[in-house]
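Heads up: the structure comes next, in structure tokens.
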Amino acid sequence: MTSLILDYLRANIDIIPYKTLRPDEHDLSNEDKLTHMDHLLTHDPGLFLSKWGKYLDPSLLDYFQSMDDYEVKFHLSQLQAPVKKNVRNRRYEYLKRYLRNSEYFSDEAMQLRDPFLFDVFVRQHQPEEIQPFEEDVTLVERILGNIDRQYVDEEVKTQKIREEEQFQEEEEDSDDEESDVLETEKDREAFREEQRMELVRLLEERFIAGKDDFNYDEVDNNEAYDDLNQLDQDMQDKYFDSDE
0 MTSLILDYLR
10 ANIDIIPYKT
20 LRPDEHDLSN
30 EDKLTHMDHL
40 LTHDPGLFLS
50 KWGKYLDPSL
60 LDYFQSMDDY
70 EVKFHLSQLQ
80 APVKKNVRNR
90 RYEYLKRYLR
100 NSEYFSDEAM
110 QLRDPFLFDV
120 FVRQHQPEEI
130 QPFEEDVTLV
140 ERILGNIDRQ
150 YVDEEVKTQK
160 IREEEQFQEE
170 EEDSDDEESD
180 VLETEKDREA
190 FREEQRMELV
200 RLLEERFIAG
210 KDDFNYDEVD
220 NNEAYDDLNQ
230 LDQDMQDKYF
240 DSDE
């Protein structure tokens with residue numbers, strides 16, 4: 000990894016500020032600068048980060064993650080805070096553009112990604128008369144659908160057993176404290192839709208947190224997903240915070 004960092008520094012040496020400690024010191028050649036940077040990277044990574052960490056590509060900061068050094072950890076936390084916020088903003092922008100209201104949040108896709116949550120928020124509230132397949136579904140699709148359903152059922156069963164073991168001494172709720180009875184079909188439909196939207200909200204948050212089986216690199220490292228309005232607001236906030 001150090002070779003990757005040095006390659007990056009060498010490729011960008013003309014635009015990375017290099018400040019000497021002595022005002023009267025003559026400007027160094029690029030090779031001398033790189034030699035000094037390499038020395039600090041190896042022998043004093045904390046000082047290296049304080050001087051040039053903000054000019055590195057965010058992916059190169061992973062090299063310092065495993066270092067058990069207070070100064071390194073401090074500078075990493077300072078450097079990665081805005082990066083993490085920018086990453087979350089890009090994921091949210093991608094979510095708005097391509098995933099929200101798409102097949103990614105269809106019932107079938109959500110059920111496969113998190114069978115237990117789907118069972119809690121959607122499946123247990125569905126009327127029993129709902130047919131598992133549409134009339135025009137082929138035999139192959141029915142077989143694959145049954146395989147998926149078996150997987151979902153096993154996942155839900157496993158999660159329920161796990162929760163029962165974890166909460167063996169739950170307090171029993173009084174029958175008088177149950178939620179209001181939903182008297183009309185319209186009420187029941189509204190309740191089911193409310194529960195489904197809550198599941199979508201939870202799974203959107205999980206996507207933004209980076210917990211889905213998804214190629215996040217294509218989004219996290221892509222400036223095309225920067226929300227310019229949000230970036231402008233962040234710049235204003237940073238400016239006014241510095242004045243306080």
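Just so you know, numbering that gives the first Met the number 0 puts 159 at position 160 of the sequence shown, and the rest follows in order with no gaps. Don't be surprised by glycine CBs; every beta carbon is placed ideally from N, CA and C. Just so we're clear, the structure is a prediction, and the values are computed from it rather than from any experiment.
Under the three-state reduction of DSSP output, V218 falls in the helix class. Ranking K95, H25, Y7 by CA distance to the CA of D226 puts K95 first. By the Cβ rule, the segment 112-124 counts as touching the segment 200-209, because three or more pairs are nearer than 8 angstroms. DSSP places I207 in the helix class (H, G or I) of the three-state scheme. By alpha-carbon distance to L48, the top candidate from N29, D31, E30, D68 is D68.
By the CB criterion at 8 angstroms, L8 and I15 fall inside the cutoff. Distances from the CA of D37 to each of Q64, R195, S58, L3 were compared; the closest alpha carbon is that of L3. Linking D61 to L75 through their CA atoms gives a straight-line distance of about 9 angstroms.
Looking from the CA of D211, the closest CA among Y17, L98, N85 belongs to L98. Here the alpha carbons of H124 and R200 stand approximately 18 angstroms from one another. With fewer than 16 other Cβ atoms from the protein chains shown falling within 10 Å of its own Cβ, F73 counts as exposed.
DSSP places D225 outside both helix and strand once states are collapsed to three, so it counts as coil. Apart from the 5 residues on each side of it in sequence, V82 sits with its Cβ closer than 7 angstroms to the Cβ of P57 in its chain, given in chain order. Cβ-Cβ distances below 7 angstroms link Q79 to L60 in the same chain, with the five nearest sequence neighbours on each side left out; the list follows chain order.
Nearest Cα to R191 within the set V121, E222, N220: V121. Around the Cβ of M109, a 10 Å sphere holds 16 or more other Cβ atoms; the residue is buried. Sequence-distant Cβ neighbours of Y215 in its own chain, meaning closer than 6 angstroms and more than five residues away, are G209.
Closest by C-alpha distance to V218, out of Y103, Q194, N85, M196, is N85. S105 and A189 have their alpha carbons spaced roughly 18 angstroms apart. Going by DSSP, V119 is part of the alpha helix (DSSP H) stretching over 114-120.
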